[in-house]
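Sequence positions in the first sequence follow our numbering and run 203 to 789.
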Amino acid sequence: MLHLTLQARLQAAVRTVLPDADAATVLVRPCPDARHGDYQSNALIALAKQRKLNPRQLAEQVKAALDVAEICEAVDIAGPGFLNFRVRPTALAATLLAAARGEHLFYAPAAQPRTVVIDFSSPNVAKPMHVGHIRSTGIGDALQRIFRLLGHRVISDNHIGDWGTQFGKLLLGWKQILNREALAADAIAELERLYKVINAECDASPARLEEAKHELVKLQAGDAENCSVWQEMIRVSQVQFDAIYGRLGVKFDHALGESFYNPQLGPVVEDLLARGIARESEGAVGVFSDGSLPPKQDPFLVNRDGEWIADPALVRKSDGGFNYMTTDLATIDYRLKTWAPAEIVYVVDDRQAPHFKKLFLTFARWQPEAAAKVKLVHVGFGKILGEDGKPFKTRSGDTVKLGELLDEAEERALKVVTEKNPDLPVVERKEIARIVGLGAVKYADLLPNRQSDYQFSWDKMLALQGNTAPYLLYAYTRVRSVLRKQEVTAGDQGLEIKLVAAEELALAKHFLNFGLVLEAAAEEYRPNFLCNYLYDLAGLFARFYENCPVLKAEGAERATRLLLCDLTGRVLKQGLEVLGIQTTDQM
RNA sequence: GCGCUUGUAGCUCAGUUGGAUAGAGCAUCCGCCUUCUAAGCGGACGGUCGUGGGUUCGACUCCCGCCAAGCGCGCCA
Numbered sequence: 203m204l205h206l207t208l209q210a211r212l213q214a215a216v217r218t219v220l221p222d223a224d225a226a227t228v229l230v231r232p233c234p235d236a237r238h239g240d241y242q243s244n245a246l247i248a249l250a251k252q253r254k255l256n257p258r259q260l261a262e263q264v265k266a267a268l269d270v271a272e273i274c275e276a277v278d279i280a281g282p283g284f285l286n287f288r289v290r291p292t293a294l295a296a297t298l299l300a301a302a303r304g305e306h307l308f309y310a311p312a313a314q315p316r317t318v319v320i321d322f323s324s325p326n327v328a329k330p331m332h333v334g335h336i337r338s339t340g341i342g343d344a345l346q347r348i349f350r351l352l353g354h355r356v357i358s359d360n361h362i363g364d365w366g367t368q369f370g371k372l373l374l375g376w377k378q379i380l381n382r383e384a385l386a387a388d389a390i391a392e393l394e395r396l397y398k399v400i401n402a403e404c405d406a407s408p409a410r411l412e413e414a415k416h417e418l419v420k421l422q423a424g425d426a427e428n429c430s431v432w433q434e435m436i437r438v439s440q441v442q443f444d445a446i447y448g449r450l451g452v453k454f455d456h457a458l459g460e461s462f463y464n465p466q467l468g469p470v471v472e473d474l475l476a477r478g479i480a481r482e483s484e485g486a487v488g489v490f491s492d493g494s495l496p497p498k499q500d501p502f503l504v505n506r507d508g509e510w511i512a513d514p515a516l517v518r519k520s521d522g523g524f525n526y527m528t529t530d531l532a533t534i535d536y537r538l539k540t541w542a543p544a545e546i547v548y549v550v551d552d553r554q555a556p557h558f559k560k561l562f563l564t565f566a567r568w569q570p571e572a573a574a575k576v577k578l579v580h581v582g583f584g585k586i587l588g589e590d591g592k593p594f595k596t597r598s599g600d601t602v603k604l605g606e607l608l609d610e611a612e613e614r615a616l617k618v619v620t621e622k623n624p625d626l627p628v629v630e631r632k633e634i635a636r637i638v639g640l641g642a643v644k645y646a647d648l649l650p651n652r653q654s655d656y657q658f659s660w661d662k663m664l665a666l667q668g669n670t671a672p673y674l675l676y677a678y679t680r681v682r683s684v685l686r687k688q689e690v691t692a693g694d695q696g697l698e699i700k701l702v703a704a705e706e707l708a709l710a711k712h713f714l715n716f717g718l719v720l721e722a723a724a725e726e727y728r729p730n731f732l733c734n735y736l737y738d739l740a741g742l743f744a745r746f747y748e749n750c751p752v753l754k755a756e757g758a759e760r761a762t763r764l765l766l767c768d769l770t771g772r773v774l775k776q777g778l779e780v781l782g783i784q785t786t787d788q789m
C-alpha cells in the first residue's frame with residue numbers, strides 16, 4: 203500500500219545519494235507513536251554509521267533527493283536522523299476509494315508465491331482429540347489461511363498417528379474385551395477403554411505384554427485379520443476427526459498418516475547406511491554426531507553427569523522396528539519429491555523441539571542438495587494452563603476432550619447471548635452462540651505469543667471487553683447494523699470523500715497496515731500479530747462510532763463515514779476469516 | 001547434572017529490521033445512554049521491563065554472568 207510506495211521512493215533516493223549502498227535494507231515502518239507521523243524510517247542512521255557519515259546530514263541529502271510530495275506532507279528529520287512521513291488525507295482517500303472499487307483490500311499478493319507444506323493437528327488413532335490439539339489445529343489452520351490469502355500455494359497435510367506400538371495392545375483388547383454396543387455408541391471412548399485396560403494388564407503381567415507384542419508383530423507382518431481390525435480402528439477414528447474438523451471449519455488437502463510411509467522405511471534406513479550417514483550400534487541403527495557443532499548445540503549429544511555422550515537419532519530398533527524419526531525422514535523425502543515445496547512447516551508442541559532439530563540435521567546430512575532448497579521450520583507452541591496455573595485438566599484430573607470443550611464454549615456463549623438479547627428466536631441465538639463460542643476458544647488460543655504457555659479462562663475469552671473474539675465480533679455487528687440501515691450504494695461511491703475528524707483519519711490509516719501485518723504474521727508464523735491488529739482496528743472503529751454519527755451525516759461526510767464502516771467490516775471479516783473465525787451480523 | 005523456553009503494572013497478557021515519553025484488558029476510583037446495538041466510550045491510579053554487567057548515538061529487544069519457574073533428556077510419539 204502507501205508505505206510500499208514510500209519505501210520504494212525512499213530507496214530510490216538512497217540509491218541516488220549513495221549509489222553503492224544496499225538500499226533494500228532501507229525500510230519504512232508505521233510510527234509506533236502517531237505524534238511523530240504515520241510512517242518512519244530509521245535505516246539512514248545505521249547506513250550513515252556504517253559509512254562514518256553524519257546521520258542528520260545524510261538524512262538531509264536523501265530528503266532532498268526524495269519525491270513523495272503527492273503522498274506526504276513535508277518530510278521531517280527528527281532526533282538522530284529519523285525520517286518521519288505524514289500521509290496526506292487526499293492520498294489516503296484515494297487508497298480508500300480504490301478499496302471501495304474492489305481493487306484491493308489493503309494487502310497485495312506475494313510478489314514471489316512459494317509452495318508451503320503445513321503439517322498440523324496430527325491426532326492419534328483410537329484416542330480422543332483433547333484440548334492440546336486446539337493449539338496445533340488452530341495455529342496451523344490460521345497459518346494455512348494466511349499463506350493462501352497472500353497468494354502462496356499451500357499444501358496442508360494432517361500427519362495422523364495411525365501406526366505404532368500402541369496397536370498391539372489395542373488389537374489384543376479388540377479381540378478379547380471389545381464391547382460392540384459401546385463401540386457403536388462412542389467408538390473412541392471404547393477404543394480408549396480397551397487401551398487402558400490392556401495397558402494396565404501389561405504393566406502387571408509380562409505374559410500379557412508378550413501377547414500384545416505378538417499382535418503387533420502380526421500386524422506389521424501384514425496379517426489379514428489384524429490389518430482389517432487396524433483399518434477399522436482408523437475408520438472409526440476418522441469419523442471423530444471429521445466431526446471435530448467440521449465444527450472447527452478446518453480442512454486439509456491431505457491426511458497422509460504415518461502408515462502411508464511404511465513401505466519407505468526400510469529403503470530409507472538402507473540408504474542412510476549405504477551413504478554412511480547412519481551406522482549400527484548395539485543391534486540398532488542410528489545417526490550419530492558428526493562433530494560439526496559444539497557439544498552444547500549438538501542434538502546428537504547429551505550431557506550425563508558432566509560428560510557428553512552420544513544421543514543418536516535411531517532409525518531402526520534392535521528388534522527391526524522403525525522409529526518416528528524414520529517415518530519423519532521418509533515424510534520429508536516424499537513431500538519434496540511430490541510437491542517440491544520451498545518450505546515445510548511443522549506446527550507441533552515445543553517439547554518436541556529436540557526431535558525436530560535432530561530430524562532437520564539428519565535430513566541435511568542425508569540429502570544435502572535437496573535440503574539446501576527447502577526451509578524446514580518447527581513452529582512450536584506452549585501449553586494450555588488452567589486458571590490455577592497448572593496444566594489444564596477437568597475437575598477430576600482428566601485431560602479435557604476437545605469435543606466437550608467446544609460444547610461448553612457454545613453453552614456458555616448461549617447464556618451470554620440470551621442474557622443480552624433475550625428477544626431473538628432461540629435458533630438464531632444458538633447460531634450466534636456457536637459462532638461466538640467457537641470464535642472465543644480459537645481466538646483465545648491464537649492471541650498469546652505462541653511460544654509461551656497461556657492460562658485458559660472462560661470468563662476472559664467470552665468477555666466483551668478486552669482483546670477477545672466477542673469484542674471483535676461485536677464491532678462487526680455494529681458495522682453491519684449501520685450498513686443494514688443504509689447500504690453503500692453506487693451513488694455514495696460516486697461522492698467525494700473527505701477525511702476530517704481525528705477518528706476518521708486514525709481508522710483510515712490503520713487500514714493501510716493490514717497487508718504489513720499479514721506478511722509479518724506469515725513471516726514469523728505468528729497469527730497473534732493479526733489478532734492485535736484486529737483488536738486495534740475494532741478499538742479505532744469504536745471511537746469513530748462514538749464520535750462520528752454516520753446516518754445523521756450528509757453529503758461527503760456521510761459518504762466518507764459509510765465507506766469507513768464498509769471497509770472496517772470488510773477488513774474485520776477478512777481478518778477473522780483467516781484466523782478461522784466466522785462473523786455474525788447480530789449478537 | 002545438562003539443555004530448551006519463560007520472567008514486563010496487584011492479576012492475565014501485548015510489545016513488528018534495536019528507535020523517540022514501555023501498551024491493553026481485568027481489578028480499584030470517577031464520568032458518558034431523549035443520539036446508528038452502553039455486549040460500548042472517555043478519564044484517573046498503577047512499571048528499578050527477574051537481577052548484575054557489556055555493546056550502542058539509542059537496549060524490554062543483542063551478548064555474558066547470576067536468580068527463579070516450566071518443560072525436555074525412552075530402541076514412545
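The beta-carbon is built from N, C-alpha and C at its ideal position, and this holds for glycine as well.
With 16 other Cβ atoms within 10 Å as the buried cut-off, status of Ser659
Along the first sequence, read from residue 1 onward, the residue named residue 659 stands at position 457. Answer is exposed; the Cβ neighbour count stays below 16.
Taking 6 Å as the limit between beta carbons, can you name the residues of its chain near Ala572, skipping five residues before and five after?
Locating residue 572 in the first sequence gives position 370, counting from the first residue. Closer than 6 Å at Cβ, skipping near neighbours: Leu538.
Reduced DSSP secondary structure (H/G/I, E/B, other) of Lys622:
Locating residue 622 in the first sequence gives position 420, counting from the first residue. Note: Lys622 maps to helix in three-state DSSP.
Here's the rule I'm using: 16 or more other beta-carbon atoms within 10 Å means buried, otherwise exposed. How should Thr297 be labelled?
Your numbering for residue 297 matches position 95 in the first sequence. Flag for Thr297 reads buried.
So, is Ile511 buried or exposed, given that buried needs 16 or more other C-beta atoms within 10 angstroms?
Looking up residue 511 in the first sequence gives position 309. Flag for Ile511 reads exposed.
Taking the beta carbon of His361 as the centre, do at least 16 other beta carbons fall within 10 Å, making it buried, or is it exposed?
The residue given as residue 361 occupies position 159 in the first sequence. Answer is buried; the Cβ neighbour count reaches 16.
Would you call the segment 279 to 287 and the segment 236 to 254 in contact, with 3 or more CB pairs under 8 Å?
yes
Are the segment 380 to 392 and the segment 403 to 411 touching by the rule of at least three beta carbon pairs closer than 8 Å?
no
Is Val549 near Val581, with beta carbons less than 8 Å apart?
Here residue 549 refers to the residue found at position 347 of the first sequence. Here residue 581 refers to the residue found at position 379 of the first sequence. Yes, the pair counts as a contact, with Cβ atoms nearer than the cut-off.
Note down the Cα distance separating Asn381 from Leu608, rounded to an integer number of angstroms.
Counted from its first residue, the first sequence places residue 381 at position 179. Counted from its first residue, the first sequence places residue 608 at position 406. Using only the alpha carbons, I get a separation of about 27 Å.
Based on DSSP bridge pairs, tell me the residues matched to Tyr673.
One-based indexing of the first sequence puts residue 673 at position 471. Tyr673 is not bridged to any residue.
Taking the CB atoms as reference points, tell me whether Leu720 and Tyr309 lie closer together than 8 Å.
Taking the first residue of the first sequence as 1, we reach residue 720 at position 518. Taking the first residue of the first sequence as 1, we reach residue 309 at position 107. Cβ atoms of Leu720 and Tyr309: closer than 8 Å.
In this structure, what does DSSP give as the bridge partners for Asn326?
Against the first sequence, residue 326 aligns to sequence position 124. BP columns for Asn326 point to Gly363.
Closest Cα partner of Gly488 within the set Ile479, Pro496, Asp425, Glu427
On the first sequence, residue 488 is found 286 positions in, with the first residue counted as 1. Comparing Cα-Cα distances from Gly488 to each of Ile479, Pro496, Asp425, Glu427, the minimum goes to Ile479.
Among the residues of its own chain, which have a CB less than 7 Å from the CB of Thr601, if the five just before and after it don't count?
For this step, residue 601 is matched to residue 399 along the first sequence. Only His332, Val333, Lys595 meet the Cβ criterion.
Pairwise C-alpha distance: Leu260 and Leu791
No information on residue 791 is available, as it lies outside the stretch 203 to 789 that the chain covers here.
For the segment 339 to 359 against the segment 309 to 329, do three or more pairs of beta-carbon atoms, one drawn from each stretch, fall closer than 8 Å, so that the two count as touching?
yes
Can you pull the DSSP bridge partners for Trp510?
Translated into the one-based positions of the first sequence, residue 510 becomes position 308. For Trp510, which the question treats as bridged, DSSP gives the partners Asn505.
Simplified DSSP assignment, three categories, for Ser430
Reading the first sequence from its first residue, position 228 is the one you call residue 430. Three-state DSSP puts Ser430 in a helix.
Using the Cα positions of Asp235 and Cys274, report the straight-line distance between them to the nearest angstrom.
The residue labelled residue 235 in the question sits at position 33 within the first sequence. The residue labelled residue 274 in the question sits at position 72 within the first sequence. The straight-line gap from Cα to Cα measures roughly 17 Å.
Just to confirm before moving on: does the CB-CB distance between Ala215 and Leu255 stay below 8 Å?
On the first sequence, position 13 is the one that residue 215 refers to. On the first sequence, position 53 is the one that residue 255 refers to. Not closer than 8 Å, so no.
According to DSSP, is Lys603 helix, strand or coil?
Along the first sequence, read from residue 1 onward, the residue named residue 603 stands at position 401. Correct three-state label for Lys603: strand.
Taking the CB atoms as reference points, tell me whether Phe713 and Val773 lie closer together than 8 Å.
Position 511 of the first sequence, counting from 1, holds the residue named residue 713. Position 571 of the first sequence, counting from 1, holds the residue named residue 773. In this structure, Val773 lies closer than 8 Å to Phe713 by Cβ.
Looking only at its own chain, which residues have a Cβ that is under 7 Å from the Cβ of Leu666, when we skip the five neighbours before and after it?
In the first sequence, counting from the first residue as 1, residue 666 sits at position 464. Within the same chain, Leu666 has close Cβ partners Pro672, Tyr673, Tyr676.
Helix or strand or just coil, what does DSSP make of Ser683?
Taking the first residue of the first sequence as 1, we reach residue 683 at position 481. In this structure, Ser683 counts as helix in the three-state DSSP scheme.
Which runs of the beta strand (DSSP E), 3 residues or longer, sit entirely within the segment 225 to 277?
241 to 243
Spatial neighbours of Arg745 in its chain, beta-carbon cut-off 7 Å, leaving aside the 5 residues before and after:
Your numbering for residue 745 matches position 543 in the first sequence. These residues qualify, in order along the chain: Glu705.
Take the Cβ of Asp359 as the centre, count every other Cβ of all protein chains shown within 10 Å, and call the residue buried at 16 or more, exposed below.
For the purposes of this step, residue 359 is taken as the residue at position 157 of the first sequence. Asp359 comes out buried.
So what does DSSP say about Asp321, is it helix, strand or coil?
By one-based count along the first sequence, residue 321 stands at place 119. Correct three-state label for Asp321: strand.
Identify the continuous alpha helix (DSSP H) that holds Tyr548 and give its terminal residues.
Within the first sequence, residue 548 is the residue found at index 346, counting from 1. Per DSSP, Tyr548 belongs to no alpha helix (DSSP H); it is in the beta strand (DSSP E), 545 to 549.
Can the beta-carbon of Cys750 be found less than 8 Å from the beta-carbon of Leu685?
For the purposes of this step, residue 750 is identified with residue 548 of the first sequence, where counting begins at 1. For the purposes of this step, residue 685 is identified with residue 483 of the first sequence, where counting begins at 1. Against a cut-off of 8 Å, the Cβ pair of Leu685 and Cys750 comes out as no contact.
Please specify which runs of the alpha helix (DSSP H), each continuous and at least 4 residues long, are wholly inside the segment 530 to 603, giving them in chain order.
555 to 568, 570 to 574
Is it buried or exposed, Leu495, if we count other Cβ atoms within 10 angstroms and call 16 or more buried?
The residue given as residue 495 occupies position 293 in the first sequence. Counting Cβ neighbours within 10 Å, Leu495 comes out exposed, since fewer than 16 surround it.
Would you call His198 buried or exposed, if buried means 16 or more other Cβ atoms sit within 10 Å of its Cβ?
In the structure as shown, the chain starts at 203 and stops at 789, and residue 198 therefore has no counterpart that could be examined.
Mapping the DSSP letters down to three states, classify Ala223 as helix, strand or coil.
Sequence index remark: in the first sequence, residue 223 carries index 21 (1-based). In this structure, Ala223 counts as coil in the three-state DSSP scheme.
On the premise that Asp655 lies in contact with Gly588, defined as a C-beta separation below 8 Å, what is that separation, rounded to the nearest angstrom?
Indexing the first sequence from 1 puts residue 588 at position 386. Indexing the first sequence from 1 puts residue 655 at position 453. Their Cβ separation, rounded to whole angstroms, is 11 Å, which puts Gly588 and Asp655 out of contact at 8 Å.
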